[in-house]
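Notes for the one structure printed next.
Numbering (the numbering used here), first residue to last: 38 to 104.
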């Protein structure tokens, strides 16, 4: 299990750590002009982070995840 840490999404949000192998999909989001990525986990839970989808993709690949 490989943890990946991203900045939290939203005002005052704390950093978020996700296990790379549990991420099944991710896509770009934008609410009120704030861009980020929503990652779906293998249990169906969605996690929002303040990182571009390409950054998430690179972190997953670096961790030896999906791609």
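All C-beta atoms, glycine included, are put in the ideal place defined by N, C-alpha and C.
In the structure shown, residue 48 falls within a coil segment according to DSSP collapsed to helix, strand and coil. In the displayed model, residue 95 falls within a helix according to three-state DSSP. Under the DSSP assignment, residue 64 falls in the beta strand (DSSP E) whose first and last residues are 60-68. By the neighbour-count definition (other C-beta atoms within 10 Å, threshold 16), residue 64 is an exposed residue.
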